[in-house]
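In the working numbering, the protein residues as written are 902 to 1127. One structure below.
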Ligand code: NI
Ligand code: MN
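See the structure below:
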């Protein structure tokens, strides 16, 4: 059983056969976070890029739980220096973890860390979990044509930003759905701040009408089961 819970903004908790995986755990400062960092369970923490609304509470959660942080080499080094257990990788590379295969995908964005350190290139994650269930977490990104290649993997679900300003907006995110061809798409990275407010209901209606892909709008705390 795979469960994916939305934690607001671009944060998710994936539970795969009892292994807890946090993705971009931004809880402190996230107005929609359903629980505090002190309450988070984690065996692994996947960090797409260095920005504060993604690396979030990684250091505190990893130190308390002993979770391994998985990210690019630069962010891994920065986390290691703060006493976090890490697994560094890089774009295009994947690794077989206890929970499944995780591949670092590319993203069009920035990745500076909260203290201004260089955070390498931003990314996303393609998770290949058991029974051929594949999940794509895009991270913060603009639209790119190689999303077609990620779609070739056969996606059970894709989690993509729609907020505009910092990432793809609604129009490009619709194009991304055409490229990714997932069975289900979940919009994220919208409404957290005024500058990324979107009419998610209108986006859902357009995407479903124009692409035939089901859109699931998740409220913070909602869980999908696969
Ligand atoms: Ni960002
Ligand atoms: Mn962001």
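For glycine and all other residues, C-beta sits at the position ideal for the given N, C-alpha and C.
| Query | Result |
| --- | --- |
| So, residue 1036 versus residue 1057, is the Cβ gap smaller than 7 Å? | yes |
| Just verifying my parser: in three-state terms, what is the DSSP assignment at residue 1048? | helix |
| Should residue 958 be counted as a contact of the ligand MN given a C-beta to heavy atom distance under 6 Å? | no |
| Any contact between the region 1048-1064 and the region 1082-1094? By contact I mean 3 or more CB pairs, one from each, below 8 Å. | yes |
| With DSSP collapsed to three states, give me the class of residue 1080. | helix |
| On the criterion of 16 or more Cβ atoms from any shown chain inside 10 Å, does residue 982 qualify as buried, or is it exposed? | exposed |
| In this structure, how does DSSP classify residue 1105 when only helix, strand and coil are distinguished? | helix |
| Candidates 1012, 1118, 995, 966: which alpha carbon is nearest residue 944's? | 966 |
| Which residue from 1078, 1093, 1006, 1094 puts its Cα closest to that of residue 1117? | 1078 |
| So, residue 1042 versus residue 991, is the Cβ gap smaller than 7 Å? | no |
| Are the region 933-948 and the region 912-923 in contact at 8 Å, needing three or more beta carbon pairs? | yes |
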